Amino acid sequence: MGFYRGYKGESGDLSRSFYSAPRIESSSKEFSICLLCPTANIGGVIGKGGVIINQIRQESGAAIKVDSFAAEGDDCMISISARRVF
Numbered sequence: 001m002g003f004y005r006g007y008k009g010e011s012g013d014l015s016r017s018f019y020s021a022p023r024i025e026s027s028s029k030e031f032s033i034c035l036l037c038p039t040a041n042i043g044g045v046i047g048k049g050g051v052i053i054n055q056i057r058q059e060s061g062a063a064i065k066v067d068s069f070a071a072e073g074d075d076c077m078i079s080i081s082a083r084r085v086f
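All residue numbers for the sequence shown refer to full-length UniProt numbering, where the first residue is 1 and numbers rise by one.
Laid out in structure tokens, this is it:
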């Protein structure tokens, strides 16, 4: 499935660990995930003038970074991180 970064810098294979991330009640943790997106589709993630990605940022409170330095034909890295109280 893909690579991810979990709580407090844990990392691993998403297919094996997606649902096994530890959750501690009433604690604040930072969670981050990195996704690969084909450069041909990144415009659909960002939206015209950044409308889509900014809406996602505003509604979720997450920090979203897109690596726009990928060469044509390569995948772009999208990093999403959020601090949330569970």
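Virtual Cβ for every residue (Gly too), placed ideally from N, Cα, C. The structure displayed is predicted, hence computed values, not measured ones.
Classify S68: buried if its beta carbon has 16 or more other beta carbons within 10 angstroms, exposed otherwise. exposed
Assuming the contact rule is C-beta atoms closer than 8 Å, I78 and V45 should be a hit. Round their C-beta distance to whole Å, please. 7 Å
Reduced DSSP category for A82 - H, G, I as helix; E, B as strand; rest coil: strand
Going by CA-CA distance only, name the one from Q58, C76 and D75 that's closest to A82. Q58
Buried or exposed: S32, going by 16 or more other Cβ atoms within 10 Å of its Cβ? buried
DSSP state of S60, grouped into three classes? helix
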